[in-house]
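Here's the structure we're looking at; comments come further down.
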Amino acid sequence: MTHIFYEFSSLKPGVPDVETLMEVINSSELTRFVMGAEVVDFVKKALIVNTTIGSFKNCYFAFDDGAYFLEFDGKGKSRRFTEVPDWFVSPAEFARSQWLINHDLADVKATAFIDVLMSYPLKERRAHCNLLFGLDLHKVNVVPAPTAPAGKMGNKNGKTTKPRVTDLGSFELFIAFFARMKN
Numbered sequence: 001m002t003h004i005f006y007e008f009s010s011l012k013p014g015v016p017d018v019e020t021l022m023e024v025i026n027s028s029e030l031t032r033f034v035m036g037a038e039v040v041d042f043v044k045k046a047l048i049v050n051t052t053i054g055s056f057k058n059c060y061f062a063f064d065d066g067a068y069f070l071e072f073d074g075k076g077k078s079r080r081f082t083e084v085p086d087w088f089v090s091p092a093e094f095a096r097s098q099w100l101i102n103h104d105l106a107d108v109k110a111t112a113f114i115d116v117l118m119s120y121p122l123k124e125r126r127a128h129c130n131l132l133f134g135l136d137l138h139k140v141n142v143v144p145a146p147t148a149p150a151g152k153m154g155n156k157n158g159k160t161t162k163p164r165v166t167d168l169g170s171f172e173l174f175i176a177f178f179a180r181m182k183n
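By UniProt numbering, the letter at position 165 of the sequence shown is numbered 165, and the numbering carries on one by one without gaps.
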């Protein structure tokens, strides 16, 4: 069967280490996983030794968020290229489909899903939510740029800002009050 592995920096890997990679490759079903840094390093170093690797038969790898690709045919012979193949999906599309299935989150209640997301560190949670919900957080300014005030703020002329008795119409009130007291 075909096994597809992606190096998506913004998603939690389903295949974090080489042991898990070998388990997935030995399974008889079609699989799609995000691979961890250890697996990426292992595959790249294995290609230095030999371009034909029998245990990687029918495996496809996408590196650096889809910058370049590596395919192994039925005999384990590798081919490296940069054109986007048919089997490649974007990180957002992968997050909304296969990533949820791989992490057993496709059929859970919303509250359980939120609990799982909240267990991730903030940076990871932000990246996952950005992909899952298409938030485009990389386009949003976190802090808006401060704008300079049009003029000097506060009491510009140095005069008092207290309301005056004449402004309040208090003279009329006090005159009426004192007139009633005299009577």
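Yeah, the Cβ is synthetic: ideal placement off N, Cα and C, and Gly gets one too. Keep in mind it's a predicted model, so treat the numbers as computed, not measured.
Pairwise C-beta distances place the region 39 to 59 out of contact with the region 120 to 137, as fewer than three of them are shorter than 8 angstroms. Proline 13 places its beta carbon less than 8 angstroms from that of valine 34. DSSP, read as helix, strand or coil, puts isoleucine 114 in helix. In the DSSP annotation of this structure, the continuous segment of the alpha helix (DSSP H) that includes glutamate 19 starts and ends at 18 to 26. Among the bridge pairs identified by DSSP, cysteine 59 is matched with His3. A Cβ-Cβ contact shorter than 8 angstroms links tyrosine 68 with threonine 82. Fully enclosed beta strand (DSSP E) runs of no fewer than 3 residues occupy 68 to 72, 78 to 81 of the region 62 to 113, in order along the chain. Cβ contact annotation for valine 116 (same chain, cutoff 7 angstroms, sequence separation greater than five): Leu105, in chain order. Per DSSP, phenylalanine 8 lies in no alpha helix (DSSP H) segment and is marked neither H nor E. Rounded to whole angstroms, tryptophan 99 and serine 27 show a C-alpha spacing of 18 angstroms.
Boundaries of the alpha helix (DSSP H) harbouring valine 39: 37 to 49, taken from the DSSP string.
Take arginine 96, set aside five residues on each side of it, and the residues of its chain with a beta-carbon closer than 7 angstroms to its own are Leu132, in chain order. Scanning its chain for C-beta atoms nearer than 6 angstroms, with the 5 sequence neighbours on each side dropped, one finds around threonine 52 the residues Gly76, Lys77, in chain order.
A residue is called buried once 16 or more other Cβ atoms fall within 10 Å of its Cβ, and arginine 32 is buried on that count.
Note: arginine 32 is bridge-paired with Ile4 in the DSSP secondary-structure output. Secondary structure note for histidine 128: its alpha helix (DSSP H) is the uninterrupted segment 122 to 133.
Taking all protein chains in view, the Cβ of proline 91 is crowded by 16 or more other Cβ atoms within 10 Å, so the residue is classified as buried. A Cβ-Cβ separation of about 18 angstroms leaves threonine 20 out of contact with asparagine 58 under the 8 angstroms criterion.
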